[in-house]
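To start, the structure itself, in structure tokens.
In full-length UniProt numbering, the protein residues as written are 1 to 395.
This is the structure:
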């Protein structure tokens, strides 16, 4: 009896786009390259001046070896000036890439997101996956991603390695996006926060200590505590009355009137002397500042924190020390208030001050913002595939 053996090939891979495990069996004549998963292609933007100026070194010693080992192809571009990344993403052919990754702090990501939203084809552009590998002074979003992925709080190289791991896994999760309008009518999109008073003062005035890395914020905080300022202002907000209220899925502001018009009667308005006002939509304000522990990365809420004048310096220091672990929420202090909102308007009544959006200084004057159902996507321990949806995606 003649026996002929015919070989087959068993191919197994995990397709993150359509779990569970996929098993394919092919004969040699059926096995063609098109049947294998395509290598991901990433557009990397590196700010060589990020953090203490060691972003270039971290990129070549940690990031590139790991993503190369993960069989990810890339094109690396160093930014040369402010808004360079914004200009680049406005002009690139998005069809050539599977994701845009910034190797820097939160500021470069702010440029990328607004560059995508300023494109004529923004509705398609926001489908492009975007990610962050923290190599800057302020790594708030990386801290939030790290927390939502289930990792322990981390900083420095440990935080960077966690984020690289999430990038290599290709894991994604939806995250909120907020539109912000300044006093001149300029409009931008924000993924992190709007700040006025103590926090924005520390953020901008500590630039002179940038060579210290993230320690600059500690030094800046001590300087501002020693010379505590207060600011008079009017804060109006739309409270969260219906957690399931639909939010407009597009760039139009449907919750807020033009800045020159009064806010609706359904809004709450306060006129106070403030030490700080912070609108935050992530869990972290810094890699080591667990500012909103009750916040989820896509809860559709703006978390308004404000500290009223009258708080002692000692209480303010205790507040920020407790914030490292998120324990400040348990403090019973009548000067510290948290309110969840859908939209807000802030009208400074003190002539001089600093306003920031995602840590970037904007023109000083009335400012307002609202939550949108336009999503960023961030790394998570959940595998979610949403390339077909009108959202921005984070690895």
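No residue lacks a Cβ here, since even glycine has one placed at the ideal position from N, Cα and C.
Residue environment for residue 228: exposed (fewer than 16 other C-beta atoms within 10 angstroms of its C-beta).
Contact between residue 297 and residue 148 holds, with the beta-carbon distance rounding to 5 Å and staying under 8 Å.
Under the DSSP assignment, residue 221 falls in the alpha helix (DSSP H) whose first and last residues are 215-226. Nearest to residue 71 by alpha-carbon distance, out of 38, 97, 62, 109, is 38. Scanning 103, 287, 219 for the CA closest to the CA of residue 53 turns up 103. In terms of Cα proximity to residue 348, the closest of 305, 119, 369, 271 is 271. Under DSSP, residue 303 takes part in a beta bridge, and its partners are 280, 340. Note on the region 30-91: whole alpha helix (DSSP H) runs with a minimum of 4 residues are 55-58, 64-69, 84-91, in chain order. Taking 8 Å as the cut-off, the beta carbon of residue 358 is found closer than this to the beta carbon of residue 110.
Scanning its chain for C-beta atoms nearer than 8 Å, with the 5 sequence neighbours on each side dropped, one finds around residue 77 the residues 43, 44, 45, 46, 88, in chain order.
Linking residue 176 to residue 107 through their CA atoms gives a straight-line distance of about 17 Å. Counted as a single uninterrupted DSSP element, the stretch harbouring residue 189 is not any alpha helix (DSSP H) but the beta strand (DSSP E) occupying residues 187-190.
Per DSSP, the unbroken beta strand (DSSP E) holding residue 235 starts and ends at 231-239.
Considering only 185, 73, 231, the residue with the shortest C-alpha distance to residue 362 is 185. Per DSSP, the continuous beta strand (DSSP E) segment holding residue 100 begins and ends at 99-104. Bounds of the beta strand (DSSP E) holding residue 193 are 193-197. In the three-state DSSP reduction, residue 112 falls in the helix class (H, G or I). Across the set 280, 137, 238, 155, the C-alpha of 137 shows the shortest separation from the C-alpha of residue 212. Put simply, the region 334-342 touches the region 307-319. At least three CB pairs are less than 8 Å apart.
For residue 176, the enclosing beta strand (DSSP E) stretches over residues 174-181.
A check of alpha carbon separations from residue 340 across 240, 155, 188 identifies 240 as the nearest. With a cutoff of 8 Å on beta-carbon distance, residue 353 and residue 275 are scored as not near each other.
In this structure, DSSP gives residue 256 a state outside helix and strand, which the three-state scheme calls coil. By the neighbour-count criterion, in which a residue is buried when 16 or more other Cβ atoms sit within 10 angstroms of its Cβ, residue 167 is buried. Using a Cβ distance threshold of 8 Å, residue 131 and residue 284 do not count as a contacting pair.
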